[in-house]
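> Mind looking over this structure? Questions follow.
Number of protein chains: 2
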Amino acid sequence: MDADKVFKALADPTRRRLLDMLCEKNGQTLGQLCDHLDMARQSATQHLGILEAANLVSTVRHGREKLHFINPVPLHDVYERWVKKFEHRRLSLLHDLKQELEGE
Amino acid sequence: MDADKVFKALADPTRRRLLDMLCEKNGQTLGQLCDHLDMARQSATQHLGILEAANLVSTVRHGREKLHFINPVPLHDVYERWVKKFEHRRLSLLHDLKQELEGE
DNA sequence: ATAATATGCAGGTAAATACCTGCATGTCAA
DNA sequence: TTGACATGCAGGTATTTACCTGCATATTAT
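The listed protein sequences correspond, in order, to chains A and B.
Per full-length UniProt numbering, the first sequence starts with residue 1, numbered consecutively.
Per full-length UniProt numbering, the second sequence starts with residue 1, numbered consecutively.
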């Protein structure tokens with residue numbers, strides 16, 4: 001997993017919206033996805049390209065249509081690498097700050 | 001939680017590195033954190049400001065020093081909102097793509 | 001075949017981003 | 001109190017990003 005690509009892909013609200021749309025209904029075409037966005041088709045294409053480069057979305061050509069599918073694996077990897085680690089130490093990390101605020 | 005701020009904060013490798021450093025040793029000063037980065041102090045300050053604005057880091061002044069503490073809560077929120085959802089449907093989402101690739 | 005449809009590709013621009021330098025302020029210690 | 005140290009603040013620049021318009025290509029349906 002290229003963590004940088006995944007995080008950068010997730011940094012844009014339009015791209016998070018696209019993932020949400022695909023989660024609602026997987027395998028949508030570019031056109032279908034565009035219909036729910038307030039921007040030119042070409043802009044959406046770029047966003048989908050970034051999601052695909054991050055491996056968050058896989059595509060399949062179906063005649064003249066391009067179907068988009070979510071790939072949940074990178075998100076799971078993000079969890080494993082980034083959230084779980086801090087999650088595990090969650091209480092102790094908060095404890096550090098609390099102690100500092102209380103003046104040791 | 002301001003999801004956009006959190007995701008944008010996580011989108012930069014330097015900022016992820018800073019979070020890692022604080023996870024290793026919580027409550028470090030600006031100077032300590034800078035020592036491990038290959039950039040000017042002022043640049044690091046900006047990164048830490050972004051992390052603080054996203055509520056991923058909290059700070060406490062201690063005389064002339066500024067101590068930085070991780071706040072793991074937003075990361076947990078990201079998990080709840082973004083990862084868990086896709087995680088739950090992980091297998092079914094992959095199934096969609098597999099079926100499409102196999103020609104229905 | 002041809003028209004309508006779905007997508008691809010090539011630039012072009014304005015705003016955001018990640019750096020930097022230079023100087024100011026505040027705190028500690030001798 | 002004065003010098004050293006830790007951080008704050010104000011710009012300035014080069015790159016990246018998120019849009020756009022215009023045109024090309026490929027597929028389906030009449």
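Yeah, the Cβ is synthetic: ideal placement off N, Cα and C, and Gly gets one too.
Going by beta-carbon coordinates alone, are residue 101 of chain B and residue 78 of chain A separated by less than 8 Å?
Going by C-beta atoms, residue 101 of chain B is not nearer than 8 Å to residue 78 of chain A.
> With DSSP as the reference, label residue 36 of chain A as helix, strand or coil.
DSSP places residue 36 of chain A in coil when its eight states are reduced to three.
> At least one CB of chain A closer than 8 Å to the CB of residue 50 of chain B: is that the case?
So, not an interface residue.
> Return no unless some Cβ of chain B is closer than 8 Å to the Cβ of residue 31 of chain A.
Answer no: the Cβ-Cβ gap between residue 31 of chain A and chain B never drops below 8 Å.
> Using the Cβ count rule (16 or more neighbours within 10 Å means buried), how would you classify residue 25 of chain B?
By the 10 Å Cβ count, residue 25 of chain B comes out exposed.
> Name, please, each residue of chain A whose Cβ falls closer than 8 Å to the Cβ of residue 87 of chain B.
The contacting residues are 72, 75, 76, 79.
> Out of A:67, A:89, A:64, which has the shortest C-alpha to C-alpha gap to residue 75 of chain B?
Considering only alpha carbons, the answer is A:89.
> With a threshold of 8 Å on Cβ separation, who are the neighbours of residue 31 of chain A within its own chain once the five nearest residues in sequence on each side are excluded?
Hits under 8 Å: 41, 65.
> Less than 8 Å between the CB atoms is what I'm expecting for residue 28 of chain A and residue 62 of chain A, so what's the real figure, rounded?
No, residue 28 of chain A and residue 62 of chain A are not in contact; Cβ-Cβ is about 11 Å, not under 8 Å.
> Out of A:17, A:54, A:4, state which residue places its alpha-carbon closest to the alpha-carbon of residue 3 of chain B.
Here the closest residue by C-alpha is A:17.
> Assuming the contact rule is C-beta atoms closer than 8 Å, residue 86 of chain B and residue 50 of chain A should be a hit. Round their C-beta distance to whole Å, please.
Not really, about 17 Å apart at Cβ, beyond 8 Å.
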